[in-house]
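Heads up: the structure comes next, in structure tokens.
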Amino acid sequence: MRRRRDFLRTAFGASIAGLAGCPGQSGDGGSGADADDGSDGDTATTTHATATPASIEARPPRWTTGEKYGVATVPDHAAADPSRVWATFTAGAVTEVRFPRIDLMNLRTLEFLVVDTVAGETWRTHDTDRTSDDGVERSTTLASEDGLLYEQTATPTDGDWSLAVEWVTDSAREALVGSVSFDGSDRHDLYAVARTACSHSAGADVGRRAGEDGAYTLAAWDGEANDSQHVVLDDDGDPYAVALGLACAGGFDRASALSDDDGRRLLETSELVDSADAEGVVTLAGRVLSGPGETTLAMGFATDRDGDAATETAVAAAEADYGATRTTYLDAWRDYLDELEIPDSASDGDLSTQYRVAAMSLAAVEDKTYLGAGIASPSVPWGAAVGAINPSDYGYNFVWARDLYQSFTALRAMGDVAGARRATEYVFEYQQDDSGFVPQNTFLDGRTRWGGEQLDEIAFPLVMAYQLRERHDIGFADASYDFAQIRASANYVANSGPATAQERWEEESGYSPSTIAAEIAGLTAAASLAADEGDRDAALRWLATADDWARNVEDWCATTTGTDEHTTTPYYVRVSDDADPDDGADRPLANGGPTLDERNVIDAGFLELVRLGVVPADDPTVENSVAVVDDTIRVDTPNGPAWYRYNGDGYGEPESGEPWQSDGQGRLWPIFTGERGEYELRRGDSTTDLAPENLLTAMANFANEGRMIPEQVWDREDPTEYGWQFGEGTGSATPLSWSMAQFVRLAHGIDAGAPVETPAVVAERFGRERPQPSLSVPDLPTRTEESPLTYEVTTDAAEVIVHADGRTQRFEVTDGTATVEAPLSGIRTTVTTVAVDDTGELVEAGLAMDRQSVTYAGE
-10 MRRRRDFLRT AFGASIAGLA GCPGQSGDGG SGADADDGSD GDTATTTHAT ATPASIEARP
50 PRWTTGEKYG VATVPDHAAA DPSRVWATFT AGAVTEVRFP RIDLMNLRTL EFLVVDTVAG
110 ETWRTHDTDR TSDDGVERST TLASEDGLLY EQTATPTDGD WSLAVEWVTD SAREALVGSV
170 SFDGSDRHDL YAVARTACSH SAGADVGRRA GEDGAYTLAA WDGEANDSQH VVLDDDGDPY
230 AVALGLACAG GFDRASALSD DDGRRLLETS ELVDSADAEG VVTLAGRVLS GPGETTLAMG
290 FATDRDGDAA TETAVAAAEA DYGATRTTYL DAWRDYLDEL EIPDSASDGD LSTQYRVAAM
350 SLAAVEDKTY LGAGIASPSV PWGAAVGAIN PSDYGYNFVW ARDLYQSFTA LRAMGDVAGA
410 RRATEYVFEY QQDDSGFVPQ NTFLDGRTRW GGEQLDEIAF PLVMAYQLRE RHDIGFADAS
470 YDFAQIRASA NYVANSGPAT AQERWEEESG YSPSTIAAEI AGLTAAASLA ADEGDRDAAL
530 RWLATADDWA RNVEDWCATT TGTDEHTTTP YYVRVSDDAD PDDGADRPLA NGGPTLDERN
590 VIDAGFLELV RLGVVPADDP TVENSVAVVD DTIRVDTPNG PAWYRYNGDG YGEPESGEPW
650 QSDGQGRLWP IFTGERGEYE LRRGDSTTDL APENLLTAMA NFANEGRMIP EQVWDREDPT
710 EYGWQFGEGT GSATPLSWSM AQFVRLAHGI DAGAPVETPA VVAERFGRER PQPSLSVPDL
770 PTRTEESPLT YEVTTDAAEV IVHADGRTQR FEVTDGTATV EAPLSGIRTT VTTVAVDDTG
830 ELVEAGLAMD RQSVTYAGE
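Numbering (the numbering used here), first residue to last: -10 to 848.
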């Protein structure tokens, strides 16, 4: 069994009204920011008989760590009436239950309290602070390999009780259901405690206790105070107003709906006030069992602040036969798995389990209202330092086209072609604008969240459309997007690249090898689609642009001088600011990182050139760059080799291990272990510790006990106050969809003997020698009048095409020259001149390109 986390156990000595409370601790949890209102801080035993509300430190509510051990939902995305509930699990608690969309969180934690009413002790199951260590084991593990079915357990080493809760989402209702099994004595009471955050915020909820004495239900809903601030909106542009109900079979015999002060009193002084109503920051608490036994707990949901409907759903789910609910849930996942193509490389043992969980997780993070919208991670990274009081755009609950592309490659490879198609259609339907631009990321409804220009995110959807057509015969007649949308994005890339405003880590502008690789692949893929549509001119222009960038990427991005630190030249740098990688320009790194000579900023993004088929694996500059990467950013962990994003990265926990807030140190990312495996597939060397099979095993080892592969793993042996383990996950986004997709993709690549991501047309185009025609174009002058521009081209090709002002024209070549007339308008026009030596086969065409911007200066 993998690492287990410890519960918090403290003395219980307070007099309480209505129910026993949870352990009381003081302190800020050592996070470097105020911990959440359930933070425990120091772990010393505390007596609370004299505590008063005035002694409770006012701290704003916060979300929970990004370290999730599981995710649950029904795989019914194609159903007419799907179950729209998702849940995630962290150490000892259910977190961030989502409804009615995967991006809308309504809960901070649902946890349990175990109270020894005779000995005066209580145990709180949620590990709110990793600095605590009392020897009580907890785990979150798969209860079945046939579905995302998780069981959470707790057993103190010096106590005489144990708790096990198995969780499913209800296929027939909007509900999360837990089968609770408690083994203790008659003196033990078990309570469920839910800290609500309806409609994405914890600051304006309304709580209510209902029902008769001894058979209570609990409910909470989003109050109206935050309506004007909500960022998650429905189809009509109105804010969601979610209600949740909490019930157990037979009802709670004791229950309270607690407001902020009383909720803090419960969590900090172990005193529970008997309360039927609450407003603001709400905590719901109910006794599930008195003594050993089994029962069913359920959390139901409704919209329109309908607490009664949410409660009715919760009661129905709790009173239903749990065995039947479980069977229906698992049957849905079994049906999904039956349609997948599990590769031989991951068909046995732990790798088989890891593959299934990775595949199911990719399906699980797709929304059911906006089909195809797979979020980057169902988590708030380092959420214990992220305030939850107001509605906001929290965590990774958004769609990045780049991350969705990674999921697409895995979905397609594993046989979920319908899911891959939905992802592609989503980008073009919701994210792309009329100009072809795709923003940095979006809310699920397509509204821009962060609007940065990242050209790989505009290029990758072109590859997605090509792969669906090429490998699965899904063309424009079958999809919701059309060639006009392909043309728009391809033109955007061709006009705007190769330099990008932001590279794949969303931090730097300039000439990025990884971005340029995506641009080349996207334009080549778009050219293939254009040729099939009969748009020869567009195909040749995009292909000529891809050729030009492929010929120049090394000059733009690989230093020939190196530095005193790196002498194996030439090698690729992370980003060149001005296409001169030898100029030693200073590069201030984001997130509090240092300022470095850009030749000393090393990452492995250049491997995309190999993986996408632009450059061979044995290219000398690639081999040099791999050596520099291994010398600079590789770390061998107990679970296998791993790499940093780049040296100087500040996006990760500081040395103490506390939650990242604004500066820290980026840790190791499992995705690079997978990317390296795909490079090694291209190299064809399976005799080293970097053999693809070994790297696939390393990726599985990086997963936590629930088989979730994180965004980052800890990078050193040195102990920290927070207990992070060398080569195991941190408080970063877990599961990261990209990590899960990378595992799936590498597994299929091992079976195929080559990366399955590579577009065939790119490999064919750049995997052969082709003649390049000559092309000479004069420097085009600044315009002083609004008229077409005439210039003469010299070439040994038979034909010239010119693209300007959104139009493409052909010009015949006579005696080695062609007279061109280019239409111009506006202040600035990009003029692209292409010499064409057309063989009739797109991948064999010889092309040369010149691109210049012509400015209108006025008369």
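Using N, Cα and C, we set each Cβ at its ideal position, and we do this for glycine too.
This one's a predicted model, so the numbers in the text were calculated from it and none came from an experiment.
Is R656 helix, strand or coil by DSSP?
Three-state result, R656: coil.
If you count every other CB in all the chains shown that lies within 10 Å of the CB of S217, and 16 or more means buried, which is it?
Under this definition S217 is an exposed residue.
Please work out which residues of its chain come closer than 8 Å, Cβ to Cβ, to V618, disregarding the five sequence neighbours upstream and downstream, and give them in chain order.
Excluding positions up to five away in sequence, the list reads I591, D592, A593 and W632.
Kindly list the residues whose CB is nearer than 8 Å to the CB of G441, restricted to its own chain and excluding five residues on each side of it in sequence; keep chain order.
So the list reads P428, Q429, A490, Q491 and E495, once near-sequence residues are dropped.
According to DSSP, is Y385 part of a helix, a strand, or is it coil?
Of the three classes helix, strand and coil, the one that applies to Y385 here is coil, per DSSP.
How should D652 be labelled, buried or exposed, when 16 other C-beta atoms within 10 angstroms of its C-beta is the threshold for buried?
Result: exposed.
Am I right that A373 and R51 are in contact with their C-beta atoms under 8 Å? What's the rounded C-beta distance?
That pair is a contact at about 6 Å.
Check T534 in the structure and name its three-state DSSP category.
In this structure, T534 counts as helix in the three-state DSSP scheme.
Please classify G275 as buried or exposed, where buried requires at least 16 other C-beta atoms within 10 Å of its C-beta.
Buried, because 16 or more other Cβ atoms sit within 10 Å of the Cβ of G275.
The alpha helix (DSSP H) with Q870 in it runs from where to where?
Residue 870 lies beyond the stretch modelled for the chain, which goes from -10 to 848, so this question has no answer here.
Does the contact criterion of 3 or more C-beta pairs under 8 Å hold for the region 598 to 605 versus the region 581 to 589?
Because the criterion of three Cβ pairs below 8 Å is not met, the region 598 to 605 and the region 581 to 589 do not touch.
How about A730 and L131: do their beta carbons lie closer than 8 Å?
Cβ distance not < 8 Å, so A730 and L131 don't count as in contact.
Cβ of R563 within 8 Å of Cβ of Y668?
It is not a contact, given that the beta carbons lie outside the stated cut-off.
Using 10 angstroms around the beta-carbon of Q14, count the other beta-carbons present and answer buried if the total reaches 16, otherwise exposed.
Reliability of the predicted coordinates at Q14 is poor, the pLDDT of 25 falling under 50, and no value is obtained from them.
Would you kindly check if the distance between the Cβ of T709 and the Cβ of G646 is under 8 Å?
A contact, by the Cβ cut-off of 8 Å.
In the structure shown, what three-state DSSP assignment does Y640 receive?
Three-state result, Y640: coil.
When DSSP labels each residue in this structure, what does W112 get in the three-state scheme?
Reduced to three states, the DSSP call for W112 is strand.
Is there a Cβ from chain C that is less than 8 Å from the Cβ of P748?
The question asks about chain C, but that chain is absent: this structure has only one protein chain.
Who are P228's beta bridge partners in DSSP?
Answer by DSSP bridge pairing, in chain order: L222.
Going straight from the alpha carbon of F426 to that of I447, what length do you get?
If you take the alpha carbons of F426 and I447, they lie about 6 Å apart.
I need the straight-line Cα distance from D638 to R656, nearest angstrom please.
Those two C-alpha atoms are separated by around 8 Å.
In the DSSP assignment, find the alpha helix (DSSP H) that holds D625 and state where it starts and stops.
That residue, D625, is in no alpha helix (DSSP H); its beta strand (DSSP E) goes R623 to T626.
Please state the DSSP three-state secondary structure of A38.
Low confidence applies to A38: its pLDDT is 25, below 50, so where it sits in the model is not reliable, and the reading given next is rough at best. DSSP places A38 in coil when its eight states are reduced to three.
Is the beta carbon of A377 sitting closer than 8 Å to the one on A153?
Taking 8 Å as the Cβ cut-off, A377 and A153 do not qualify as a contacting pair.
Under 8 Å, do L329 and G404 count as touching if we go by C-beta distance?
In contact: L329 and G404 (Cβ atoms closer than 8 Å).
Contact between the region 470 to 483 and the region 540 to 550: three or more CB pairs below 8 Å?
Output reads no: the region 540 to 550 does not touch the region 470 to 483.
Distance check for S160 and P450, CA to CA, integer angstroms please.
Near 32 Å, if we compare the C-alpha coordinates of S160 and P450.
Where does S236 fall in DSSP's three states?
Per the sequence shown, residue 236 should be read as Ala rather than Ser. It is a strand residue.
Beta-carbon separation of V169 and T285 under 8 Å?
Against a cut-off of 8 Å, the Cβ pair of T285 and V169 comes out as a contact.
Give every residue of the same chain whose Cβ lies closer than 7 Å to the Cβ of S424, excluding the five residues on either side of it in the sequence, and list them in chain order.
Excluding sequence neighbours, S424 sits near A477 and Y481.
Could you check the C-alpha separation between F432 and P89 for me, to the nearest Å?
Answer to the nearest angstrom: the Cα atoms are 14 Å apart.
Does the Cβ-Cβ distance between R184 and R97 come in under 8 Å?
The answer is yes: Cβ separation under 8 Å.
Where does R254 sit, in a helix, a strand or coil, going by DSSP?
Helix, per DSSP.
Can you say whether G312 is buried or exposed, counting buried as having 16 or more other CB atoms within 10 angstroms of its CB?
Looking at its Cβ environment, which holds fewer than 16 other Cβ atoms inside 10 Å, G312 is exposed.
What whole-angstrom Cβ distance do H189 and M288 have, given they're in contact under 8 Å?
Between M288 and H189 the Cβ distance is about 16 Å, and since that is not below 8 Å, they are no contact.
Give me the Cα-Cα distance between T77 and L138, rounded to the nearest whole angstrom.
Each residue's Cα considered, the two are about 11 Å apart.
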